[in-house]
Amino acid sequence: KQEVTQIPAALSVPEGENLVLNCSFTDSAIYNLQWFRQDPGKGLTSLLLIQSSQREQTSGRLNASLDKSSGRSTLYIAASQPGDSATYLCAANTGNQFYFGTGTSLTVIP
Amino acid sequence: GAVVSQHPSRVICKSGTSVKIECRSLDFQATTMFWYRQFPKKSLMLMATSNEGSKATYEQGVEKDKFLINHASLTLSTLTVTSAHPEDSSFYICSALGLGKTEAFFGQGTRLTVV
Numbered sequence: 001k002q003e004v005t006q007i008p009a010a011l012s013v014p015e016g017e018n019l020v021l022n023c024s025f026t027d028s029a030i031y032n033l034q035w036f037r038q039d040p041g042k043g044l045t046s047l048l049l050i051q052s053s054q055r056e057q058t059s060g061r062l063n064a065s066l067d068k069s070s071g072r073s074t075l076y077i078a079a080s081q082p083g084d085s086a087t088y089l090c091a092a093n094t095g096n097q098f099y100f101g102t103g104t105s106l107t108v109i110p
Numbered sequence: 111g112a113v114v115s116q117h118p119s120r121v122i123c124k125s126g127t128s129v130k131i132e133c134r135s136l137d138f139q140a141t142t143m144f145w146y147r148q149f150p151k152k153s154l155m156l157m158a159t160s161n162e163g164s165k166a167t168y169e170q171g172v173e174k175d176k177f178l179i180n181h182a183s184l185t186l187s188t189l190t191v192t193s194a195h196p197e198d199s200s201f202y203i204c205s206a207l208g209l210g211k212t213e214a215f216f217g218q219g220t221r222l223t224v225v
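Right, here's the structure in full:
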């Protein structure tokens, strides 16, 4: 069974810093990997989707990479802002099922 | 991206009553819908997968008679929590997958409180 782990569980950084969130998965047979943002008490907002054939995807200040063979993905956030504070979840899609990581709670301090 | 609407966003009910949560795909046909439960400060736990027109597949440990899932059309799936108890209080989120697609879209979630 696919297991998805996210490190660190929590991260606190001053505004303006660049940061990296890590996601690892045990089964490399995935269709894609998706990064989400979740604000407290809210649903999920999709940030980036990387197909299994891709190495990275970029959207604004966000860049996500995927290394299937090593079972890793990273989410890079450039020039962090207080509005980036949220929980970030990654999910590995192995077909018709999505396996979620435990999330990284990010706090950006003004 | 595509839109998935989940209703209600919050519901409070008494122990013993049943609550229905709706998940609608507004601008695409969802052949597969997923229901998740999220405990405080935890990740999403898949409860069941439903395909339009067929019975839902429940994950191990999820009571199918307690969490009734119906996916009667390509745009609507419902989750009914029957005979709710306080321990059923949680955040429930649905997601929908279109035919041949690999990107799932998520509803806004439903905060259920059973008193």
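Sequences listed follow chains S and R, in order. Counted from 1, the first sequence has number 72 at position 72 by our numbering; the numbering is strictly sequential. Counted from 1, the second sequence has number 222 at position 112 by our numbering; the numbering is strictly sequential. Glycine included, each C-beta is placed from N, C-alpha and C at the ideal position.
{"Asked": "Cβ-Cβ distance between Thr159(R) and Gln97(S) below 9 Å", "Found": "yes"}
{"Asked": "Closest residue to Ser153(R) among Asp137(R), Phe201(R) and Glu213(R) (Cα-Cα distance)", "Found": "Phe201(R)"}
{"Asked": "Against chain S: residues of the segment 178-209 of chain R by CB proximity under 8 Å", "Found": "Phe201, Ile203, Ser205 and Leu207"}
{"Asked": "Exposure label - His117(R); buried when at least 16 CB within 10 Å", "Found": "exposed"}
{"Asked": "Buried or exposed (CB count within 10 angstroms, at least 16 for buried), Gln170(R)", "Found": "exposed"}
{"Asked": "Same chain, Cβ closer than 7 Å to Asp39(S), neighbours up to 5 away in sequence not counted", "Found": "Ala86"}
{"Asked": "Under 9 Å by beta carbon: chain S residues contacting Phe216(R)", "Found": "Phe36, Gly43, Leu44, Thr45 and Ser46"}
{"Asked": "Distance, Ser24(S) Cα to Ala182(R) Cα", "Found": "36 Å"}
{"Asked": "DSSP state of Gly208(R) mapped onto helix, strand, coil", "Found": "strand"}
{"Asked": "Chain-ordered residues of the segment 149-162 of chain R with a beta carbon less than 9 Å from chain S", "Found": "Lys151, Lys152, Ser153, Leu154, Met155, Leu156, Thr159 and Asn161"}
{"Asked": "Candidates Asn22(S), Thr26(S) and Tyr76(S): closest to Asn93(S) by CA position", "Found": "Thr26(S)"}
{"Asked": "Val89(S): contacting residues in chain R (beta-carbon distance under 9 Å)", "Found": "Sequence check: residue 89(S) is Leu here, not Val. Ordered by position in chain R, the residues that pass the 9 Å Cβ test against Leu89(S) are Ser153 and Leu154."}
{"Asked": "In DSSP terms, what Gly93(S) is bridged to", "Found": "In the sequence as presented, Gly is not what sits at residue 93(S); that position holds Asn. Looking at the DSSP assignment, Asn93(S) forms a beta bridge with Asn32(S) and Phe98(S)."}
{"Asked": "The segment 57-69 of chain S: positions lying closer than 9 Å to chain R by Cβ", "Found": "none"}
{"Asked": "7 Å Cβ cut-off: residues of chain S touching Gly219(R)", "Found": "Lys42 and Gly43"}
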